[in-house]
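For reference, the structure is listed below as structure tokens.
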Amino acid sequence: MLQYNNIRHFCLLPEGAIALDATSCQPCGFISHAHSDHTGKHELTYCTAETESICRYRMKCKPTQQFRVMEYFKPVTLGGLELTAYPAGHCLGSAMLFAKSLASGKTLLYTGDFKLGKSVTAAEAVVPKADVLVMESTYGSPDYQLPPREQVIAELLETVRDAFANDRSPVIAAYAFGKSQEITKILTDNGFKVQQYDTIYKISQFYEQHNVSLGDVTTLKKGECADEDRVLIVPPASHPYYITHHKIETIMLTGWAMHESTKYRYEVDKILPLSDHADYNELLKTIELCEPNVVYPVHGSPDFVEHLQDKGINVMHIDRATQSMLF
Ligand SMILES: [Zn+2]
Numbered sequence: 140m141l142q143y144n145n146i147r148h149f150c151l152l153p154e155g156a157i158a159l160d161a162t163s164c165q166p167c168g169f170i171s172h173a174h175s176d177h178t179g180k181h182e183l184t185y186c187t188a189e190t191e192s193i194c195r196y197r198m199k200c201k202p203t204q205q206f207r208v209m210e211y212f213k214p215v216t217l218g219g220l221e222l223t224a225y226p227a228g229h230c231l232g233s234a235m236l237f238a239k240s241l242a243s244g245k246t247l248l249y250t251g252d253f254k255l256g257k258s259v260t261a262a263e264a265v266v267p268k269a270d271v272l273v274m275e276s277t278y279g280s281p282d283y284q285l286p287p288r289e290q291v292i293a294e295l296l297e298t299v300r301d302a303f304a305n306d307r308s309p310v311i312a313a314y315a316f317g318k319s320q321e322i323t324k325i326l327t328d329n330g331f332k333v334q335q336y337d338t339i340y341k342i343s344q345f346y347e348q349h350n351v352s353l354g355d356v357t358t359l360k361k362g363e364c365a366d367e368d369r370v371l372i373v374p375p376a377s378h379p380y381y382i383t384h385h386k387i388e389t390i391m392l393t394g395w396a397m398h399e400s401t402k403y404r405y406e407v408d409k410i411l412p413l414s415d416h417a418d419y420n421e422l423l424k425t426i427e428l429c430e431p432n433v434v435y436p437v438h439g440s441p442d443f444v445e446h447l448q449d450k451g452i453n454v455m456h457i458d459r460a461t462q463s464m465l466f
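Residue numbering for the sequence shown follows the numbering used here, beginning at 140 and increasing consecutively.
Okay, structure coming up:
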């Protein structure tokens with residue numbers, strides 16, 4: 140029997156003996172979504188059907204590897220816990236985990252990566268009330284108050300339109316799973332044709348399989364020449380690998396765009412603040428919705444704890460010593 144160890148990504152719920160988003164192999168783990176910094180090859184994995192499909196592909200799981208599929212809002216029992224997946228609004232299949240101790244009745248919400256509000260490719264997040272909130276807080280700084288999403292999307296569409304009007308083909312750099320498909324859907328819904336780098340296209344097939352149609356999309360294999368009349372979507376590090384015989388306009392979409400230097404770091408013509416993570420205001424809104432007695436932020440700016448304390452919120456750092464005492 141494996142022991143719980145090397146849990147980089149928090150955290151262990153002792154009554155149910157389940158590790159949350161651990162990246163190393165565990166006897167039993169919950170995977171909130173299939174981004175590689177949240178996945179591990181566990182003996183038994185709890186996750187949504189969409190996350191299972193993408194994990195099996197990305198992690199090259201053996202068919203014998205065990206998954207227990209969770210449907211949103213349908214509780215399952217594990218040891219002394221009742222576990223329920225809630226939509227997280229981050230990417231296809233992303234889920235928060237709501238855990239209830241059957242002994243004490245205490246509740247905990249673990250968000251994983253999440254985003255409030257509507258998305259064209261992910262189920263909208265639903266935040267239940269819980270006693271303990273373990274919250275991913277990537278943008279836990281007031282510097283990251285993103286403009287309204289409709290405004291950013293309007294600017295993206297205008298940038299793409301202008302590029303074509305000026306005989307430039309738009310090339311958008313975006314992460315292969317999640318952001319790429321969301322941008323694709325936004326573009327095709329607005330009448331643009333899209334070409335995706337093949338690693339992105341392969342992931343897009345899982346969206347189609349799970350009934351999220353992305354519209355008019357073709358694939359571009361390494362070394363092939365891109366179509367002039369399509370918006371090309373490539374992973375951020377792939378610039379040298381595609382070929383174009385025409386002028387291009389490079390665009391990056393990330394919440395980090397709120398920081399002045401990001402455009403230069405990514406070496407793109409245009410950068411826009413579109414994110415699949417909750418911004419600062421959404422993090423505060425999540426606490427308001429959840430009404431927890433205590434908040435444990437993970438993966439954010441260390442200053443976030445102080446910001447919350449200043450607002451009178453009971454907030455604590457989570458570490459190995461506390462992670463097994465959350466209930
Ligand atoms: Zn993620």
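The beta carbon of each residue, even a glycine, is placed where N, CA and C say it ideally should be.
Three-way DSSP call (helix, strand, coil) for residue i in this model
| i | result |
| --- | --- |
| Arg-369 | coil |
| Thr-425 | helix |
| Cys-194 | helix |
| Ser-400 | coil |
| Asn-453 | coil |
| Asn-350 | coil |
| Ile-419 | Here residue 419 turns out to be Tyr, not Ile, going by the sequence shown. Three-state DSSP puts Tyr-419 in a helix. |
| Ile-146 | Confidence in Ile-146 is poor, its pLDDT being 35 and thus under 50, which makes the residue's placement too unreliable to answer from. |
| Ser-175 | helix |
| Ala-188 | helix |
| Tyr-405 | helix |
Beta-ladder partner(s) of residue i, from DSSP
| i | result |
| --- | --- |
| Cys-230 | None, per the DSSP bridge assignment. |
| Leu-183 | Cys-167, Gln-205 |
| Ile-410 | Met-391 |
| Tyr-211 | Ala-224 |
| Gln-335 | Thr-358, Ile-372 |
| Pro-436 | Met-274 |
| Met-235 | Tyr-225 |
| Leu-217 | Leu-220 |
| Ser-343 | Ser-343 pairs with nothing; no bridge assigned. |
| Ser-240 | Leu-220 |
Cβ-based burial, residue i [other Cβ within 10 Å; buried from 16]
| i | result |
| --- | --- |
| Cys-364 | exposed |
| Pro-436 | buried |
| His-456 | exposed |
| Glu-388 | buried |
| Leu-236 | buried |
| Gly-279 | buried |
| Phe-212 | exposed |
| Met-140 | Only weak support exists for where Met-140 lies, its pLDDT of 25 falling under 50; the coordinates are left without a value. |
| Gln-165 | buried |
| Glu-191 | buried |
| His-148 | Below a pLDDT of 50, predicted positions are generally treated as unreliable, and His-148, at 44, falls in that range; no measurement from the model is reported. |
| Ala-376 | exposed |
| Gln-334 | buried |
| Pro-110 | This structure cannot speak to residue 110, because the chain is shown only from 140 to 466. |
| Ala-293 | exposed |
First and last residue of the uninterrupted beta strand (DSSP E) at residue i
| i | result |
| --- | --- |
| Phe-169 | 167-169 |
| Ile-157 | 157-159 |
| Tyr-249 | 246-249 |
Spatially closest choice to residue i from the options, by CA coordinates
| i | options | result |
| --- | --- | --- |
| His-229 | Gln-344, Glu-189, Lys-245, Tyr-196 | Glu-189 |
| Pro-267 | Ser-243, Cys-194, Pro-287, Leu-222 | Leu-222 |
| Glu-421 | Gly-179, Leu-359, Asp-252, Gly-330 | Asp-252 |
| Val-433 | Ile-292, His-416, Ala-302, Leu-272 | Leu-272 |
| Leu-217 | Ser-192, Gly-317, Ala-156, Lys-254 | Ala-156 |
| Ala-315 | Pro-374, Glu-210, Gln-205 | Pro-374 |
| Leu-220 | Thr-425, Leu-241, Thr-203 | Leu-241 |
| Lys-318 | Pro-166, Leu-413, Phe-169 | Leu-413 |
| Val-356 | Thr-323, Glu-367, Leu-447 | Thr-323 |
| Glu-347 | Asp-176, Pro-287, Ile-193 | Ile-193 |
| Thr-327 | Thr-358, Val-370, Ala-293 | Val-370 |
| Ile-426 | Ser-276, Gln-334, Pro-441 | Ser-276 |
| Ser-352 | Tyr-196, Glu-321, Tyr-405, Ser-233 | Glu-321 |
| Ala-313 | Leu-447, Glu-367, Tyr-336, Gln-205 | Tyr-336 |
| Val-208 | Arg-197, Ser-233, Thr-184 | Thr-184 |
| Arg-300 | Val-407, Val-259, Lys-332 | Lys-332 |
| Leu-255 | Glu-367, Lys-245, Ala-238, Pro-226 | Pro-226 |
N- and C-terminal bounds of the alpha helix (DSSP H) containing residue i
| i | result |
| --- | --- |
| Gln-312 | Per the sequence shown, residue 312 should be read as Ala rather than Gln. Unbroken run through Ala-312 is the beta strand (DSSP E), 308-312; no alpha helix (DSSP H). |
| Leu-447 | 442-449 |
| Ser-319 | 318-328 |
| Met-297 | The residue you asked about is not Met; residue 297 is Glu in the sequence shown. Its alpha helix (DSSP H) spans residues 288-304. |
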